[in-house]
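Presented below is the structure to which this report refers.
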Amino acid sequence: MTESLKIALSKGRILEEGLPLLAKAGIVPREDPAKSRKLILDTNLDNVQLVIIRAADVPTYVQYGAADLGMAGKDVLMEYGGDGLYELLDLKIAVCRLMVAEPAKLAQQDDPKKWTRLRIATKYPAITRRHFAAKGIQTDIIKLYGSMELAPLVGLSDRIVDLVGTGKTLKANGLVEVEHIADISAWLVANKASMKMKHAAVKGLVDRLASAIPGRP
Ligand code: ATP
Ligand code: MG
Numbered sequence: 003m004t005e006s007l008k009i010a011l012s013k014g015r016i017l018e019e020g021l022p023l024l025a026k027a028g029i030v031p032r033e034d035p036a037k038s039r040k041l042i043l044d045t046n047l048d049n050v051q052l053v054i055i056r057a058a059d060v061p062t063y064v065q066y067g068a069a070d071l072g073m074a075g076k077d078v079l080m081e082y083g084g085d086g087l088y089e090l091l092d093l094k095i096a097v098c099r100l101m102v103a104e105p106a107k108l109a110q111q112d113d114p115k116k117w118t119r120l121r122i123a124t125k126y127p128a129i130t131r132r133h134f135a136a137k138g139i140q141t142d143i144i145k146l147y148g149s150m151e152l153a154p155l156v157g158l159s160d161r162i163v164d165l166v167g168t169g170k171t172l173k174a175n176g177l178v179e180v181e182h183i184a185d186i187s188a189w190l191v192a193n194k195a196s197m198k199m200k201h202a203a204v205k206g207l208v209d210r211l212a213s214a215i216p217g218r219p
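As structure tokens, then:
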């Protein structure tokens with residue numbers, strides 16, 4: 003008998019770009035996750051189910067074995083931290099970058115080399131603190147859950163740390179990128195016990211996904 007596998011992924015971008023990847027790997031949910039209200043979805047494969055959760059919760063589900071595998075943005079993984087799960091495969095989807103941004107007007111007379119203390123609004127307090135601490139820069143961090151671009155416009159912070167895809171949202175709000183923190187894409191992560199206990203099933207699925215990754219034949 004083949005071991006059963008649960009794959010955790012989030013609605014939004016990861017699902018949009020992850021579903022075609024899964025389909026290419028031969029895994030198709032029995033109903034459309036974007037439309038269904040179900041949180042556990044069966045697929046065409048008897049032993050594979052998809053679990054639909056919030057993006058930031060994927061590492062937690064996988065670390066604790068509630069899902070064997072997951073698709074999570076590198077941003078989410080960096081913020082989650084620790085070594086409680088395996089990062090198996092760069093899926094090369096949901097590609098963007100994590101940046102420091104500030105109002106264009108501030109950028110005109112700002113010199114990142116002279117930063118000593120910054121007030122930053124972000125969804126990524128751990129990454130932000132770590133990034134600047136490594137450079138000896140102190141940070142006052144304001145934790146937000148979304149719409150970071152608004153913060154400098156209303157005086158909540160001078161700068162933000164946020165994901166940038168096309169840069170359109172920044173531009174529309176008069177912000178410019180001033181420092182690059184990391185290149186981001188979604189990764190396939192695995193529960194450590196599942197890697198041992200369900201080795202054959204996990205390896206089979208990882209191999210299928212690996213050959214479905216964009217840019218590979
Ligand atoms: P929630 O809606 O639950 O708060 P979220 O806003 O993080 O979650 P998405 O916007 O779908 O959900 O983002 C999920 C992941 O997609 C992010 O963690 C990141 O890795 C990636 N991502 C986010 N924004 C972009 C972007 N502009 N371009 C490409 N990938 C992105
Ligand atoms: Mg979002």
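The numbers in my numbering rise by one with no breaks, and the one at position 8 of the sequence shown is 10.
The beta carbon of each residue, even a glycine, is placed where N, CA and C say it ideally should be.
As the structure is a prediction and not an experimental result, all values here were calculated from the model.
Cβ of D70 within 7 Å of any heavy atom in the ligand ATP?
No; taking the cut-off as 7 Å, the Cβ of D70 has no heavy atom of the ligand ATP nearer than that.
With contact counted as at least three CB pairs below 8 Å, one residue from each stretch, are the stretch 193-208 and the stretch 83-98 in contact?
The stretch 193-208 vs the stretch 83-98: in contact.
In terms of residues, what are the limits of the beta strand (DSSP E) holding L87?
For L87, the enclosing beta strand (DSSP E) covers residues L87 to D92.
Between the stretch 202-211 and the stretch 17-31, are three or more C-beta pairs nearer than 8 Å?
Touching, yes.
By alpha-carbon positions, which one of Y63, G217, A202 and L41 ends up nearest to E5?
If we check each option's Cα against that of E5, A202 comes out closest.
The ligand ATP heavy atom lying under 7 Å from the CB of A136:
Taking the Cβ of A136 as the reference point, every heavy atom of the ligand ATP lies at 7 Å or farther away.
Measuring from the CB of S159, is there a heavy atom of the ligand ATP at a distance below 7 Å?
Annotation for S159 indicates a beta carbon at 7 Å or more from all heavy atoms of the ligand ATP.
Simplified DSSP state of P114, which is helix, strand or coil
Residue state, collapsed to three classes: helix.
Between the alpha carbons of A136 and K40, how many angstroms are there, rounded?
Those two C-alpha atoms are separated by around 43 Å.
With DSSP collapsed to three states, give me the class of I42.
I42 carries a strand assignment under DSSP once its states are collapsed to helix, strand and coil.
Between the alpha carbons of A45 and P114, how many angstroms are there, rounded?
According to the sequence displayed, residue 45 carries Thr and not Ala. Taking the straight line from one Cα to the other gives about 49 Å.
Nearest to R32 (by Cα), restricted to the options R15, G20, L100 and V50
Looking at the Cα atoms, V50 is the closest of the given residues.
What does DSSP give as the partner residues of Q140 in its beta bridges?
Residue pairing of Q140 in beta bridges, as defined by DSSP: R119.
In or out: I42 buried (at least 16 other Cβ within 10 Å) or exposed?
I42 should be labelled exposed.
Suppose the cutoff is 7 Å on Cβ atoms and the five residues either side in sequence are ignored; what does the same chain contact list for T171 look like?
Closer than 7 Å at the Cβ level, and outside the excluded window around T171, lie E151.
With respect to the beta strand (DSSP E) encompassing V102, which residues constitute its N-terminal and C-terminal limits?
Residues C98 to P105.
Helix or strand or just coil, what does DSSP make of A135?
For A135, the secondary structure class from DSSP, reduced to helix, strand or coil, is helix.
Would you call the stretch 69-88 and the stretch 140-150 in contact, with 3 or more CB pairs under 8 Å?
As far as the Cβ criterion goes, the stretch 69-88 does not touch the stretch 140-150, which means the pair count is below three.
CB-CB length for D59 against L165, believed under 8 Å
Taking C-beta atoms under 8 Å as the contact rule, D59 and L165 fail to qualify, at a distance of about 18 Å.
Closest to A123 by CA distance: which of R131, R161 and E181 is it?
Nearest C-alpha to A123: R161.
Take the Cβ of A153 as the centre, count every other Cβ of all protein chains shown within 10 Å, and call the residue buried at 16 or more, exposed below.
A153 sits buried, since 16 or more C-beta atoms from the chains shown fall within 10 Å of its C-beta.
To the nearest angstrom, how far is it from the Cα of T130 to the Cα of I215?
Note on geometry: alpha-carbon atoms of T130 and I215 lie some 30 Å from one another.
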